[in-house]
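Going by my numbering, the residue at position 53 of the sequence shown is 57; the numbering climbs one at a time, nothing skipped.
Here a beta-carbon is modelled for each residue, glycine too, at the ideal position from N, C-alpha and C.
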Amino acid sequence: IPDKGTYWHLGKEVKQPVRGPTRPHEHPEINKPRPPRKKTKAELELEKEKKNLRAKQEKERREAGLPRIVGPTDDI
């Protein structure tokens, strides 16, 4: 009997066995994770407004001669 080095999960051939936590009767190769949901118009507008406000505040700080603020909010 030739061995392809694969595994079987509920009648379907997969390359690796289940590793880590998964839902019952699901396999990560067969049941792909759901894509992240799209942001709503309101969320996109809010992010745009935040970005504009940060840019405006940064400009005001530069004009006042103050140093740039570096913190956890820079990644947004």
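Report yes or no: is there a C-beta of chain C within less than 8 Å of the C-beta of residue 48? Protein chain content of the structure displayed is limited to a single chain, and chain C is not contained in it.
Roughly how many whole angstroms lie between the Cα atoms of residue 48 and residue 7? Your numbering for residue 48 matches position 44 in the sequence shown. Your numbering for residue 7 matches position 3 in the sequence shown. Those two C-alpha atoms are separated by around 51 Å.
Would you kindly check if the distance between the Cβ of residue 60 and the Cβ of residue 34 is under 8 Å? By 1-based counting over the sequence shown, the position of residue 34 is 30. By 1-based counting over the sequence shown, the position of residue 60 is 56. Result no, Cβ atoms of residue 34 and residue 60 do not sit closer than 8 Å.
Within its chain, find whatever has a CB closer than 6 Å to the CB of residue 11; leave out the 5 residues flanking it on each side and keep chain order. What you label residue 11 is simply residue 7 of the sequence shown in a count that begins at 1. Answer for residue 11: 18, 21, listed in chain order.
With C-beta atoms as the reference, is residue 72 less than 8 Å away from residue 64? Along the sequence shown, one-based indexing puts residue 72 at 68. Along the sequence shown, one-based indexing puts residue 64 at 60. No, Cβ-Cβ distance for residue 72 and residue 64 is not below 8 Å.
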